[in-house]
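*Asks:* Residue numbers (my numbering), protein chains in the order written: chain A, 50 to 172; chain B, 50 to 172.
Pasting in a structure now, in structure tokens, and then I'll have a few things to ask.
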DNA sequence: TTGCTATATTCGAAATCTCGAATATAATGG
DNA sequence: CCATTATATTCGAGATTTCGAATATAGCAA
């Protein structure tokens, strides 16, 4: 069971492991229930892409979809997930300078073609 | 900055998104500082594999390595990460039956060769 | 030095993830 | 029925992750 629980956690973390999905969750947490259109307009991303990310979040039951007429309204299923993100923010700030270095290292944000990063030596 | 923070969070979640790494973190949280040997003996995994996972955790500064003579002792850097895992456990239990279905869906634990899972229809 | 223990790194193959493009589907209004 | 709007799904290419196997390195002792 220990192992089941770990696989469960890993699965949830996997779903959270993408900036766009984090943005979606934060948006839903802060603004409440939202139709997909609002989501992708706010995120300035393609509809298909947002739908794909929503599918990932749905698969892990992190969000709930409510269909009304033409549209689908999404909302966060459990505020506990919002709390996880808050803890992360705390963590980020309590190690601020290192966190920024980390981001620098990740070279995130530049396009998506890059050599595998060399692992830094331990010593 | 919103975006930086989201990339940071995504990076941490990515590091947490593997059952072995979760096991490592929980072990360090519960048992305190440990040399690598103890880790892989307890986990019953190959030394190289555990070392690779430790490299991932180190890269995100989730663990700290202290070298003493021959061995390297690892410990959790910040208890806040342990708290994140605790929240996840809570989450797991508060949606227990669904969580179990989810695991069933993931068909986790069986080998690592599998077709891409078909996404369940929304309606 | 040589050898031994502890740990880390590299390599390559298979699995998985991500994106945009194209397509599909459902609800609604003519 | 046909068109439109809102959303979801499929496909394929390129990026990334994962593992075991092989290899490298560091500390220490003979």
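The beta-carbon is built from N, C-alpha and C at its ideal position, and this holds for glycine as well.
Just so we're clear, the structure is a prediction, and the values are computed from it rather than from any experiment.
Could you have a look at residue 114 (chain B) and say whether DSSP puts it in helix, strand or coil?
*Replies:* For the purposes of this step, residue 114 (chain B) is taken as the residue at position 65 of the second chain. Strand, per DSSP.
*Asks:* Is there contact here, the region 92-99 of chain A with the region 65-79 of chain A, by at least three beta-carbon pairs under 8 Å?
*Replies:* At 8 Å Cβ cutoff, the stretches touch.
*Asks:* Identify which residue in B:60, B:140 and B:87 has its Cα closest to the Cα of residue 154 (chain A).
*Replies:* Along the first chain, read from residue 1 onward, the residue named residue 154 (chain A) stands at position 105. Here the closest residue by C-alpha is B:60.
*Asks:* Measure the C-alpha to C-alpha separation of residue 112 (chain B) and residue 77 (chain B) and round it to an integer number of angstroms.
*Replies:* On the second chain, position 63 is the one that residue 112 (chain B) refers to. On the second chain, position 28 is the one that residue 77 (chain B) refers to. In a straight line, the C-alpha of residue 112 (chain B) is about 9 Å away from that of residue 77 (chain B).
*Asks:* Can you list, in chain order, the residues of its chain with a C-beta nearer than 7 Å to that of residue 90 (chain B)? Leave out the 5 residues immediately preceding and following it.
*Replies:* Against the second chain, residue 90 (chain B) aligns to sequence position 41. So the list is empty, once near-sequence residues are dropped.
*Asks:* Take the Cβ of residue 148 (chain B) as the centre, count every other Cβ of all protein chains shown within 10 Å, and call the residue buried at 16 or more, exposed below.
*Replies:* Against the second chain, residue 148 (chain B) aligns to sequence position 99. Per the 10 Å Cβ criterion, buried.
*Asks:* Should residue 106 (chain B) be labelled buried (16 or more other beta-carbon atoms within 10 Å of its own) or exposed?
*Replies:* As a first step, residue 106 (chain B) is located in the second chain; it is residue number 57 there, counting from the start. Residue 106 (chain B) comes out buried.
*Asks:* Any beta carbon from chain B within less than 8 Å of residue 68 (chain A)'s own beta carbon?
*Replies:* Position 19 of the first chain, counting from 1, holds the residue named residue 68 (chain A). It does; some Cβ of chain B falls within 8 Å.
*Asks:* Using only the alpha-carbon positions, how far apart do residue 152 (chain A) and residue 118 (chain A) sit?
*Replies:* Residue 152 (chain A) sits at position 103 when you count from the first residue of the first chain. Residue 118 (chain A) sits at position 69 when you count from the first residue of the first chain. Cα to Cα, the separation comes out at about 42 Å.
*Asks:* Just by C-beta distance, which residues in the region 72-104 of chain B are closer than 8 Å to chain A?
*Replies:* Within the region 72-104 of chain B, the residues whose Cβ lies closer than 8 Å to some Cβ of chain A are 72, 75 and 104, listed in chain order.
*Asks:* So for residue 77 (chain A), helix, strand or coil by DSSP?
*Replies:* The residue you call residue 77 (chain A) lines up with position 28 of the first chain. Correct three-state label for residue 77 (chain A): helix.
*Asks:* Since residue 132 (chain B) and residue 125 (chain A) should fall inside the 8 Å C-beta cutoff, what is the C-beta to C-beta distance between them, to a whole number of angstroms?
*Replies:* If you number the second chain from 1, residue 132 (chain B) lands on position 83. If you number the first chain from 1, residue 125 (chain A) lands on position 76. Going by Cβ atoms, the distance from residue 132 (chain B) to residue 125 (chain A) rounds to 20 Å, so no, they are not a contact pair.
*Asks:* Alpha helix (DSSP H) containing residue 134 (chain A): first to last residue?
*Replies:* Position 85 of the first chain holds residue 134 (chain A). Counting along the chain, the alpha helix (DSSP H) containing residue 134 (chain A) begins and ends at 128-143.
*Asks:* Could you check which residue in B:140, B:121 and B:110 has the C-alpha nearest to that of residue 146 (chain A)?
*Replies:* Locating residue 146 (chain A) in the first chain gives position 97, counting from the first residue. Checked all of B:140, B:121 and B:110; the closest Cα to residue 146 (chain A) is B:110.
*Asks:* Rounded to whole angstroms, what's the CA-CA distance from residue 123 (chain B) to residue 85 (chain B)? Just pull it up for me.
*Replies:* The residue labelled residue 123 (chain B) in the question sits at position 74 within the second chain. The residue labelled residue 85 (chain B) in the question sits at position 36 within the second chain. When rounded, the distance between both Cα atoms is 7 Å.
*Asks:* Considering residue 94 (chain A), what are the terminal residues of the beta strand (DSSP E) in which it resides?
*Replies:* On the first chain, residue 94 (chain A) is found 45 positions in, with the first residue counted as 1. Residue 94 (chain A) -> no beta strand (DSSP E), and no H or E assigned at all.
*Asks:* DSSP puts residue 89 (chain A) in a beta bridge; with which residues?
*Replies:* Indexing the first chain from 1 puts residue 89 (chain A) at position 40. Per DSSP, none; premise fails for residue 89 (chain A).
*Asks:* Can you say whether residue 142 (chain A) is buried or exposed, counting buried as having 16 or more other CB atoms within 10 angstroms of its CB?
*Replies:* The residue you call residue 142 (chain A) lines up with position 93 of the first chain. Classification for residue 142 (chain A): exposed.
*Asks:* Report yes if the CB atom of residue 129 (chain A) is closer than 8 Å to the CB atom of residue 139 (chain B), and no otherwise.
*Replies:* As a working mapping, residue 129 (chain A) is identified with position 80 in the first chain. As a working mapping, residue 139 (chain B) is identified with position 90 in the second chain. Yes.
*Asks:* Could you compute how far the alpha carbon of residue 82 (chain A) sits from the alpha carbon of residue 88 (chain A)?
*Replies:* Stepping through the first chain from its first residue, residue 82 (chain A) is reached at position 33. Stepping through the first chain from its first residue, residue 88 (chain A) is reached at position 39. Spanning the two alpha carbons is a distance of roughly 10 Å.
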